[in-house]
Amino acid sequence: MKTLLKLSAAAAALCVAAAVPAQSNAPIKVGLMLPYTGTYAALGTAIENGFKLYVQEQGGKLAGREIQYFKVDDESEPSKGTDNANKLIKRDQVDVLVGTVHSGVALAMARAAKESNTLLIVPNAGADAITGPMCAPNIVRSSFSNWQPGYATGVLMAQRGHKRAMTITWNYAAGIETVKGFTEAFEKGGGKVVKDLTLPFPNVEFQALLTEIAAQKPDAVFAFFAGGGAVKFVKDYVAAGLNKTIPLYGSGFLTDGTLEAQGPAAQGLLTTLHYADSLDIPRNNAFRKSYALTYKANADVYAVQGYDAAQILAAGLNAAKGDLSKRDVITAAMRKVTVDSPRGKFTISAAGNPVLDMYVREAKGLNNEYRSVAVKALADPARGCKM
Ligand code: BEZ
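Position 253 (the sequence shown) corresponds to 252 in numbering that gives the first Met the number 0; numbering is contiguous.
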C-alpha cells in the first residue's frame with residue numbers, strides 16, 4: 000500500500016512538472032549569420048569577435064546561461080539569404096539570430112525572423128525597411144539605419160560650404176539609402192547633388208566612373224563603400240589624382256577597419272559615423288584594450304556593433320532571468336535598455352533602431368580620430384513603421 004501511495008505521488012509530481020515546465024538551464028543557442036568570405040569578410044569576423052568578447056567578459060554566460068554558437072557564412076549573397084537564415088532557424092533551432100552585414104541579406108533574414116517569430120539582432124546592415132515598414136517587436140538593431148550616416152555626412156558637407164556634389168556607391172539598398180539620407184541633409188543645407196553614380200555590388204571597376212567625376216568637376220564627392228571595396232575605391236580615387244582638386248567624403252565605412260590596407264591614400268579623409276577609434280571615454284579605452292589583447296587586432300565600428308548586440312541580448316535575458324519563454328519581457332527590455340557602448344551611451348527607438356551621436360572623424364595613421372559631433376542624438380525617421 001505504501002509503495003502504491005509513493006508511486007501515485009511521484010506520478011502526480013511528474014504531471015505537475017509536465018504542465019508547468021521548469022525553466023531550462025540548457026545553453027542559449029545563438030545563430031551567427033555573417034559574411035566570412037567576400038568583400039565584407041573582415042566585417043563579419045569583427046562582429047563575431049565583438050559579440051564573443053562581451054559574452055566572455057560576463058564569464059561565458061548571459062543571465063546565468065551558457066551560450067552555444069551556430070555559424071553560417073552568408074557570403075553577402077541576398078539570393079541565399081532565406082535558405083541560410085532557415086538553416087539556423089529550422090535546422091539548428093536557434094533561440095536568437097544575430098546578423099548580418101549586407102542590407103539585402105538582412106532583409107531576407109528579417110522576413111524569415113518575422114515569419115518564425117525568432118528574435119533577431121542586426122549588428123550592422125542598415126536597410127531602412129528593417130526598422131521602417133518591416134519593424135517588429137522581435138527585431139532590434141545594434142548598429143544604424145542607412146539613412147543615419149548618410150544624413151550626418153550631408154550635414155557636414157553642407158556646413159563645410161560645398162555646393163555641388165556627386166555621389167558614388169554600389170547599387171543596392173545600403174548604397175541607395177545612404178545616398179538618399181545624404182541628399183536630404185545636403186540639399187536642406189543649401190547644396191545640390193548634381194549626379195549620382197552607381198555600379199553593381201561588389202564590383203570594383205571604378206575607372207569609368209572616376210573619369211566621369213573628373214569631367215563633371217563637382218565641389219566634392221560623397222561615397223558609400225565598405226570593406227574590400229572601400230580599400231580599392233580610396234586608392235583608385237587618389238591614383239586618378241582626383242583628391243588634388245575634388246575632396247572626397249564618405250560615411251565612415253569608407254575608412255573603418257580599412258586604414259592599414261588603404262595606406263597613405265586615406266590619410267586626412269573626413270567621414271562621419273557613430274564611432275571613432277580615438278573616442279576618449281573609459282568604456283572605449285577599456286574595450287579597445289580588451290579587444291586588442293584578445294584578438295591581436297584593432298577594434299573597429301563592426302566590432303563595437305557586435306559587442307553591443309551581445310549587450311542588448313543580455314539586457315533582454317537579464318530582465319527575464321534567462322527564461323526564454325518570457326518573450327514579451329525580453330523584447331521590451333531589448334528596447335528599453337540604455338546601451339553603455341564604446342561609442343558612448345545610446346538608447347533604442349520604439350522602432351528598434353539606435354538613436355546615435357554622429358561623429359566627424361579624420362583618418363590619421365591607423366585611427367579614425369574624433370574631431371567633433373556632426374549631429375547629436377540622430378534618430379532614424381522610421382518611415383512606415385507601425386507597431
Ligand atoms: C549594408 O549593406 O547595410 C552595409 C554594409 C557595410 C557597411 C555598412 C552597411
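Note that beta-carbon positions come from the ideal geometry of N, C-alpha and C, so glycine has one too.
Of the residues the options, the one placed nearest residue i, counting alpha carbons only
i    : options                   : result
V203 : Y236, N116, L247 and V104 : Y236
I66  : G58, D73 and D72          : G58
R382 : A105, I129 and L258       : I129
Y301 : P341, P263 and A318       : P341
A172 : V104, N283 and A298       : V104
T117 : I329, K179 and D379       : I329
K79  : V93, L106, A184 and K113  : L106
L355 : E361, A362 and I347       : I347
A213 : T166, G228 and G188       : T166
Q70  : G43, Q55, R64 and Y39     : Sequence inspection shows Lys at residue 70; the Gln mentioned does not correspond to that position. The option with the nearest alpha carbon to K70 is G43.
A225 : E186, T270, P217 and V338 : T270
N283 : G49, P217, V29 and L209   : G49
R140 : V338, Q92 and A362        : V338
S277 : R360, W169 and L377       : R360
K194 : D127, A164, Y35 and V303  : A164
M156 : A373, G125 and K60        : A373
G227 : K243, K187 and L253       : L253
Span of the alpha helix (DSSP H) around residue i
i    : result
D148 : It should be noted that the sequence gives Pro, not Asp, for residue 148. Where P148 is concerned, the enclosing alpha helix (DSSP H) stretches over W146 to Q158.
I212 : Q206 to Q215
T293 : P281 to Y294
R140 : Element bounds for R140: not the alpha helix (DSSP H) but the beta strand (DSSP E), I138 to R140.
A229 : G226 to A238
A222 : Run containing A222: none in the alpha helix (DSSP H); it sits in the beta strand (DSSP E), A219 to F223.
M333 : R326 to K335
A318 : V300 to A318
L258 : L258 to Q261
DSSP state of residue i mapped onto helix, strand, coil
i    : result
I66  : strand
P353 : strand
K187 : helix
D82  : helix
I120 : strand
E56  : helix
A21  : Note that A21 scores 49 on pLDDT, short of 50, meaning its location in the model is unreliable; the coordinates nonetheless yield the value given after this. Coil.
S348 : coil
M165 : strand
E74  : coil
D195 : strand
G249 : strand
K363 : strand
V338 : strand
L241 : helix
L323 : coil
L278 : coil
A381 : coil
L13  : Here the model assigns L13 a pLDDT of 43, short of 50, so the residue's position is not dependable, and the following value carries that caveat. The answer is helix: DSSP assigns L13 an H, G or I state.
Boundaries of the beta strand (DSSP E) in which residue i is found, first to last residue
i    : result
I27  : I27 to L33
E114 : Not the beta strand (DSSP E): E114 falls in the alpha helix (DSSP H), residues S102 to S115.
R370 : N366 to L377
V97  : V95 to V97
T270 : L269 to L272
Cβ separation of residue i and residue j, assumed to be a contact under 8 Å, to the nearest whole Å
i    : j    : result
Q261 : V233 : 5 Å
P201 : G37  : 7 Å
A111 : T81  : 6 Å
T152 : N123 : With 8 Å as the limit, T152 and N123 do not qualify as a contact, their Cβ atoms being about 18 Å apart.
G190 : Q147 : The pair is not a contact, with the Cβ atoms about 19 Å apart (cut-off 8 Å).
L365 : L258 : 5 Å
D255 : D299 : 5 Å
A350 : C134 : 5 Å
T168 : T177 : 7 Å
Y306 : Y53  : 5 Å
E389 : L31  : No statement about residue 389 is possible, as the shown extent of the chain runs from 0 to 386 and does not include it.
N170 : T197 : 4 Å
V29  : V121 : At roughly 14 Å, the Cβ-Cβ gap does not stay under 8 Å, so V29 and V121 are not in contact.
K363 : Q266 : 7 Å
D91  : N83  : D91 to N83, Cβ: 11 Å. No contact.
N317 : A25  : Their Cβ separation, rounded to whole angstroms, is 18 Å, which puts N317 and A25 out of contact at 8 Å.
L272 : M357 : 7 Å
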